[in-house]
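Residue numbers (this note's numbering), protein chains in the order written: chain Z, 1 to 388; chain D, 1001 to 1388.
2 protein chains.
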Amino acid sequence: MPEPASTLAAEPRQPKATEQLRAANLARVLELVRHRGPIARAALTEETGLNRSTIGAVLAQLSGEGWVSALDGTAEGPGRPSPVVHVTTDRVILAISPEIDSLECAVVGIGGDIRARRVIDAEPSLSPQGYLNAAHRVLDDLLADASELTPIGVGIAVPGLVDSDGVVRNAPHLGWREVSLASAAESVFGLPARAANDAACGALAERSWGAASSASDFVFVNGGSSGIGASMFSGGSRILGANGFAGEWGHAVINARGPAHEQTLEQLVSKRRMERLLGRHFVDRFETGELARPEVRAEVDAQLDVLALGLRSLVNVCNPERIVLGGYLSALELARPGWLAGAIRDSALHPVGAGVDVRTAQLGTNAITIGAAELIAERLPVLEGGHA
Amino acid sequence: MPEPASTLAAEPRQPKATEQLRAANLARVLELVRHRGPIARAALTEETGLNRSTIGAVLAQLSGEGWVSALDGTAEGPGRPSPVVHVTTDRVILAISPEIDSLECAVVGIGGDIRARRVIDAEPSLSPQGYLNAAHRVLDDLLADASELTPIGVGIAVPGLVDSDGVVRNAPHLGWREVSLASAAESVFGLPARAANDAACGALAERSWGAASSASDFVFVNGGSSGIGASMFSGGSRILGANGFAGEWGHAVINARGPAHEQTLEQLVSKRRMERLLGRHFVDRFETGELARPEVRAEVDAQLDVLALGLRSLVNVCNPERIVLGGYLSALELARPGWLAGAIRDSALHPVGAGVDVRTAQLGTNAITIGAAELIAERLPVLEGGHA
DNA sequence: GCGAGTATGTTGCTAACAGCAACTTATTAC
DNA sequence: GTAATAAGTTGCTGTTAGCAACATACTCGC
């Protein structure tokens, strides 16, 4: 006799098809509310193409679970005014950004607004667990003032290769290999945690609130203290690759027959080389006068030349509509504004390069922090189909 | 007075949400039937995770519209045997592949099987319209024998940049610019037509029936007579880029400070250089003995070295699980089997290169033809939501 | 050769979701 | 103060996929 069906009835339950439909609509609406700031309800129906009643149902669920709430309507024109919807401000995400000599901690709203931040020094050779413990102390402190805030998750931006399970497989500058950072953070904070590459985080932030908004096919290229990392978006979503490692563009060979230390892109376009020339620690821009020094100008131009060659290849391969330059690369672009765009248009294969728009990151050094928080915000529990 | 709602009722009609759901399921099932050849109905339910009754409804529609039909069940094990479903054989796609000196025409089944093919010479400077007219004659002839076959569309593989509307924006070897090839073909044949880059077509075919099947993140790199083209897949779908041009990897600069004719990948890894050395037209493999000639061996190894450097960069950027080499590159790989895979694993950033699998294309010279047909087959009218 | 076992397709039914149309509400314009 | 306009709400409908019971068709073992 087969086992009675009744005992199975209470089990897994998977009428998933319709749930996915609703989840997709929840995600679309929530994304609009988060990324476009406060937005009129009527605008939501227009943007999504969904019916007014559907928007009503979706918003009822989102506001019932406390993710969004409504202000009084701004009128502007005849007819009944549409209420303006915005994300709730009482839930926050903890963002952590470990670097070789520092640790940045921040409290970030679901809408990408940084509420509080603190950067502390980190002694070299601090262990991953040490970083997490330090971050825990700092964030507890930052949250102590504001008891009305509820942290809902932890996002970590790591300068290195992080797989889709939040395991740091290889972070050369930190000296980490095979570190289960996300699960360690879940233990320390008692909250869901995710980790990702720092450039990928920066790209997420620039897409949502910065220079890449409204672009569906773009490349974010970041010049950080640990080299050059990229993150590509195609059709509105990030190109992950088989393990989530896609984007390690700094190690692309661009000068194959040069000496061993002058072959890859990040060896030639190097903040460290520039710092040696300037004789100072480079933060985010050239100081007045520095660009007038001939040897600095020459190095800047040389690095721009190489960067243009590299970007030309990247454009040929990825066909982005926009390139967003972050960190050190942003400073290089600003040293000769617009030059890169022209060089790419002229050298990339016609008509791939024709429409490419080159911009500097809008969020500056905040991009990576905000993007780390976005790791959690883009996967809020509402969107998970409710089986939790 | 507002216009009465009743007049609007018969208009566009867009209850699209549920239609998209059904269309997605239709697409999944049809893709399984097309790509996995004849497949048991039970296997379809298991692969898709859909309910038996849903599969029943989907198959009823597909077979009602004449896209699939069922053989008698192959038993294999206890229980009621499951009918085997396969695509119908009476509908075919016309595939066209214009090259600088030749024109390939083929009749291809929906399941990717080549029914008939013919390659004719093309005089240089033949116009796009000339190519299409010639193809029309050849294909009419090929179809004359088989009156039971119904052509349903025309797919064209072009060595050049083709946008998503089927406009050839730039095909240097053919000398074409801004040619609305797909719409011209629709006029000539009276059938829906699509056009795409040849490497993109090859990748489609290798994914469906060749060396890239079962891989969701792979790169297909083709060495054709018009240089090196690539096509990247991420998460199971092709990376298109903003205009569908993504993949022009042959023009990547890899030797920045070399002479102008030795900078890009396809200048250094060049079939033409090899042909000059061999003193013959290179078709698809090295002849016995050729690789024993020292100067040939040296050139092969030199080109393999460069190719390894290039692939290393591509792996770092795209993080594929597999690389499929087609055309001339396939011959290079076979000249030193397995060497490229080792070189990439050793040189790519750990652990990006660790799991990369390097293979040669399975479909050989047929890949591009089959892929051209796949342009039509992947968008059969059943999938379009029925509003036509 | 015939029944037990088993896997499969089929049939009515249910739940969920989005879309629609009519109704209600809230503001602007005159 | 009334008409016009636009937006949220409500009840209903159509479609879809999932479920459970049933019917079917084969294999295996005696």
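Note that beta-carbon positions come from the ideal geometry of N, C-alpha and C, so glycine has one too.
I'd like to know if ARG13(Z) contacts chain D, where contact means its C-beta is closer than 8 angstroms to some C-beta of that chain.
Your numbering for residue 13(Z) matches position 13 in the first sequence. Here ARG13(Z) scores only 47 on pLDDT, less than 50, and its place in the model should not be relied on; the value that follows carries that caveat. So, not an interface residue.
Residue span of the beta strand (DSSP E) that contains ASP1305(D), given as start and end:
To locate residue 1305(D), count along the second sequence from 1; it is residue 305. ASP1305(D) -> not in any beta strand (DSSP E); alpha helix (DSSP H) instead, spanning 1294 to 1318.
What residue range does the beta strand (DSSP E) around THR1150(D) cover?
Your numbering for residue 1150(D) matches position 150 in the second sequence. Unbroken beta strand (DSSP E) run through THR1150(D): 1150 to 1158.
When DSSP labels each residue in this structure, what does LEU1174(D) get in the three-state scheme?
Residue mapping note: residue 1174(D) aligns to position 174 of the second sequence, counting from 1. It is coil, neither helix nor strand.
Decide if SER231(Z) is buried, meaning its Cβ has at least 16 other Cβ atoms within 10 Å, or exposed.
The sequence position of residue 231(Z) within the first sequence is 231, counting from 1. Answer is buried; the Cβ neighbour count reaches 16.
CA-to-CA distance, GLU46(Z) to ALA1010(D), given in whole angstroms:
What you label residue 1010(D) is simply residue 10 of the second sequence in a count that begins at 1. What you label residue 46(Z) is simply residue 46 of the first sequence in a count that begins at 1. Interpretation of ALA1010(D) is limited by its pLDDT of 35, a score under 50 that renders its predicted location unreliable; no figure is taken from the coordinates.
Near GLY111(Z), which residues of its chain fall below 6 angstroms by C-beta distance, leaving aside the five closest residues on each side in sequence?
Taking the first sequence and counting its residues from 1, the one referred to as residue 111(Z) is at position 111. For GLY111(Z), where only same-chain residues beyond five positions count, the Cβ hits under 6 angstroms are ARG34, VAL87.
Please confirm if SER6(Z) has its CB atom under 8 angstroms from at least one CB of chain D.
As a first step, residue 6(Z) must be located in the first sequence, where it is residue number 6. Unreliable placement is indicated for SER6(Z), whose pLDDT of 33 sits below 50; the coordinate value is still reported in the next sentence. Taking Cβ atoms only, chain D never reaches closer than 8 angstroms to SER6(Z), which makes this a no.
When the cut-off is 8 angstroms and only beta carbons count, does ILE254(Z) lie next to chain D?
For the purposes of this step, residue 254(Z) is taken as the residue at position 254 of the first sequence. Yes - at least one Cβ of chain D is within 8 angstroms of the one on ILE254(Z).
Taking only beta carbons into account, state which residues of the stretch 236 to 261 of chain Z come closer than 7 angstroms to chain D, listed in chain order.
ILE239, LEU240, GLY241, ALA242, ASN243, PHE245, ALA246, GLY247, GLU248, TRP249, HIS251, ALA252, VAL253, ILE254, ASN255, ALA256, ARG257, GLY258
Using the C-alpha atoms, what's the distance from LEU204(Z) back to LEU24(Z)?
Looking up residue 24(Z) in the first sequence gives position 24. Looking up residue 204(Z) in the first sequence gives position 204. Going by the sequence as given, residue 24(Z) is Ala instead of Leu. Going from the Cα of ALA24(Z) to the Cα of LEU204(Z) covers about 19 angstroms.
When burial is assigned at 16 or more other CB atoms within 10 Å of the CB, is ARG1322(D) buried or exposed?
Here residue 1322(D) refers to the residue found at position 322 when the second sequence is read from its first residue. It counts as buried.
Compare the C-beta of CYS1318(D) against all C-beta atoms of chain Z and say whether one is closer than 8 angstroms.
Against the second sequence, residue 1318(D) aligns to sequence position 318. By this cut-off, CYS1318(D) is an interface position.
Check the Cβ-Cβ distances between ALA17(Z) and every residue of chain D, and say whether any is below 8 angstroms.
As a first step, residue 17(Z) is located in the first sequence; it is residue number 17 there, counting from the start. It does: the Cβ of ALA17(Z) has a partner Cβ on chain D nearer than 8 angstroms.
ALA1199(D), buried or exposed, once every other Cβ within 10 Å from all chains shown has been counted against 16
Position 199 of the second sequence holds residue 1199(D). Burial call: buried.
Hey, quick one: how far does the alpha helix (DSSP H) through LEU1143(D) stretch, first residue to last?
Within the second sequence, numbered from 1, the residue matching residue 1143(D) stands at position 143. LEU1143(D) -> alpha helix (DSSP H) spans 1128 to 1144.
Bridge partner(s) assigned by DSSP for GLU201(Z)
Against the first sequence, residue 201(Z) aligns to sequence position 201. At residue 201(Z) the sequence reads Cys, which differs from the Glu that was named. CYS201(Z) is not bridged to any residue.
Which residue wins for smallest C-alpha separation from SER1185(D), given the options PRO1337(D), LEU1139(D), ALA1260(D)?
Locating residue 1185(D) in the second sequence gives position 185, counting from the first residue. Note that residue 1185(D) corresponds to Ala in the displayed sequence, not to Ser. Checked all of PRO1337(D), LEU1139(D), ALA1260(D); the closest Cα to ALA1185(D) is LEU1139(D).
So, with DSSP's three-state summary, where would you put ILE254(Z)?
As a working note, residue 254(Z) is residue 254 in the first sequence. Coil at ILE254(Z), not helix or strand.
Is LEU1142(D) near ALA1116(D), with beta carbons less than 8 angstroms apart?
Locating residue 1142(D) in the second sequence gives position 142, where the first residue counts as 1. Locating residue 1116(D) in the second sequence gives position 116, where the first residue counts as 1. Taking 8 angstroms as the Cβ cut-off, LEU1142(D) and ALA1116(D) qualify as a contacting pair.
Excluding five sequence neighbours on each side, which residues of the same chain lie with their C-beta closer than 7 angstroms to the C-beta of ASP1101(D)?
In the second sequence, counting from the first residue as 1, residue 1101(D) sits at position 101. Contacts found: ASP1121, ALA1122, PRO1124.
Could you tell me which uninterrupted alpha helix (DSSP H) segments, each at least 4 residues in length, are contained entirely in the stretch 1259 to 1296 of chain D, listed from first to last along the chain?
Counting only runs of 4 or more residues that sit fully inside the stretch 1259 to 1296 of chain D, the alpha helix (DSSP H) segments are 1265 to 1268, 1271 to 1278, in chain order.
Examine the Cβ distances between the stretch 236 to 247 of chain Z and the stretch 1310 to 1322 of chain D and report whether three or more of them are shorter than 8 angstroms.
yes
For a contact meaning CB atoms closer than 7 angstroms, what does ARG1312(D) contact in chain Z?
By one-based count along the second sequence, residue 1312(D) stands at place 312. The contacting residues are VAL253.
Assuming the contact rule is C-beta atoms closer than 8 angstroms, TRP1249(D) and VAL1221(D) should be a hit. Round their C-beta distance to whole Å, please.
As a position in the second sequence, residue 1249(D) is number 249, starting the count at 1. As a position in the second sequence, residue 1221(D) is number 221, starting the count at 1. TRP1249(D) to VAL1221(D), Cβ: 7 angstroms. Contact.
Give me the Cβ distance between PHE218(Z) and VAL283(Z), rounded to the nearest whole Å; I'm assuming they're in contact under 8 angstroms.
Taking the first sequence and counting its residues from 1, one reaches residue 218(Z) at position 218. Taking the first sequence and counting its residues from 1, one reaches residue 283(Z) at position 283. Rounded to the nearest angstrom, the Cβ distance from PHE218(Z) to VAL283(Z) is 25 angstroms, too far for a contact under 8 angstroms.
According to DSSP, is LEU1240(D) helix, strand or coil?
By 1-based counting over the second sequence, the position of residue 1240(D) is 240. Of the three classes helix, strand and coil, the one that applies to LEU1240(D) here is coil, per DSSP.
Per DSSP, which residues does ALA1193(D) bridge with? Please list them.
In the second sequence, residue 1193(D) corresponds to position 193, counting from 1. Note: ALA1193(D) sits in a beta bridge opposite VAL1154(D).
Does the CB of SER214(Z) have a neighbour CB from chain D at under 8 angstroms?
Translated into positions along the first sequence, residue 214(Z) becomes position 214. Chain D contact via Cβ: absent.
Within the stretch 72 to 105 of chain Z, ranges of the beta strand (DSSP E) (whole runs, at least 3 residues):
82 to 87, 91 to 98
In this structure, how does DSSP classify SER1234(D) when only helix, strand and coil are distinguished?
As a working note, residue 1234(D) is residue 234 in the second sequence. Strand.
If you measure from the beta carbon of VAL1306(D) to each beta carbon in chain Z, is any gap under 8 angstroms?
On the second sequence, residue 1306(D) is found 306 positions in, with the first residue counted as 1. At least one chain Z Cβ lies under 8 angstroms of VAL1306(D).
Kindly indicate if chain Z contains any beta-carbon less than 8 angstroms away from that of PRO1351(D).
One-based indexing of the second sequence puts residue 1351(D) at position 351. With 8 angstroms as the cut-off, PRO1351(D) counts as an interface residue toward chain Z.
Inter-residue Cα distance where the pair is GLY338(Z) and ALA212(Z)
On the first sequence, residue 338(Z) is found 338 positions in, with the first residue counted as 1. On the first sequence, residue 212(Z) is found 212 positions in, with the first residue counted as 1. Going by the C-alpha atoms only, they are around 17 angstroms apart.
Among ALA1367(D), ARG1345(D), HIS1350(D), the one whose alpha carbon lies nearest that of GLU178(Z):
The residue given as residue 178(Z) occupies position 178 in the first sequence. Among ALA1367(D), ARG1345(D), HIS1350(D), the Cα nearest to that of GLU178(Z) belongs to HIS1350(D).
Give a yes or no on whether the minimum CB-CB distance between ARG91(Z) and chain D is below 8 angstroms.
Locating residue 91(Z) in the first sequence gives position 91, where the first residue counts as 1. By this cut-off, ARG91(Z) is not an interface position.
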